[in-house]
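Undergrad: Using numbering that gives the first Met the number 0, read the sequence shown as starting at 0 and increasing by one per residue. C-beta: ideal position from N, C-alpha, C; glycine also. One structure, pasted below without further comment.
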Amino acid sequence: MKVYEQIILDVLQAERIERSPNQVQDLVLADKESHHYQLLRTGWETNEYFVNKIIFHFHISDNGKIWLLANNTDVPITDELIKRGVPVSDIVLGFHPEKYRAYSGFATA
Numbered sequence: 000m001k002v003y004e005q006i007i008l009d010v011l012q013a014e015r016i017e018r019s020p021n022q023v024q025d026l027v028l029a030d031k032e033s034h035h036y037q038l039l040r041t042g043w044e045t046n047e048y049f050v051n052k053i054i055f056h057f058h059i060s061d062n063g064k065i066w067l068l069a070n071n072t073d074v075p076i077t078d079e080l081i082k083r084g085v086p087v088s089d090i091v092l093g094f095h096p097e098k099y100r101a102y103s104g105f106a107t108a
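In structure tokens form, the structure reads like this:
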């Protein structure tokens, strides 16, 4: 589980966009006790528009599989996990209904 945790944290850090301090910030959030990891975008984009949204959300389940619970981009973030050695059989696209996961090419649960 620790290996997958580090891979996820590395992927999230790599996806962060650096901005000047007074702008919107990308934050990596890690709940290592319950194994949830997020990239959050937050801050004032303009004087009238505040951004606070989850970009990516991963969870490592008790059976050791990585569940991708949110991907609010067009970035194929699972490719980054695979490049770092995570087998497709250990990745679940949790944001898809269970009945469709069998067609994703990834694990179903």
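Between LEU92 and the rest of its own chain, which residues show a CB-CB distance below 7 Å, the 5 nearest in sequence each way excluded?
TA: What you label residue 92 is simply residue 93 of the sequence shown in a count that begins at 1. For LEU92, where only same-chain residues beyond five positions count, the Cβ hits under 7 Å are LEU67, ARG100, SER103 and PHE105.
Undergrad: What first and last residue would you give for the alpha helix (DSSP H) that runs through TYR102?
TA: Numbered from its first residue, the sequence shown carries residue 102 at position 103. Run containing TYR102: none; DSSP gives neither H nor E here.
Undergrad: Whole beta strand (DSSP E) runs in the stretch 29-81 with 3 or more residues, listed along the chain?
TA: For the stretch 29-81, whole beta strand (DSSP E) runs of length 3 or above, ordered along the chain, are 35-43, 49-59 and 65-70.
Undergrad: I'd like to confirm the pairing. Which residues does DSSP put opposite LEU8 in its beta bridges?
TA: Within the sequence shown, numbered from 1, the residue matching residue 8 stands at position 9. For LEU8, which the question treats as bridged, DSSP gives no partner whatsoever.
Undergrad: Sorted by chain position, which residues of the same chain lie with C-beta nearer than 8 Å to VAL23's C-beta, five sequence neighbours on each side aside?
TA: The sequence position of residue 23 within the sequence shown is 24, counting from 1. So the qualifying residues of the chain are ARG40, THR41, GLY42, TRP43, GLU44 and VAL50.
Undergrad: Just reading off the beta strand (DSSP E) that ILE90 is part of, what are its end residues?
TA: Your numbering for residue 90 matches position 91 in the sequence shown. Looking at the DSSP string, the run of the beta strand (DSSP E) that includes ILE90 is 90-92.
Undergrad: I need the straight-line Cα distance from LEU28 to ASN71, nearest angstrom please.
TA: Locating residue 28 in the sequence shown gives position 29, where the first residue counts as 1. Locating residue 71 in the sequence shown gives position 72, where the first residue counts as 1. Going by the C-alpha atoms only, they are around 16 Å apart.
Undergrad: Does GLY64 pass the burial test, meaning 16 or more other C-beta atoms within 10 Å, or should it be called exposed?
TA: Within the sequence shown, numbered from 1, the residue matching residue 64 stands at position 65. The question names Gly, but residue 64 is Lys in the sequence shown. Buried, because 16 or more other Cβ atoms sit within 10 Å of the Cβ of LYS64.
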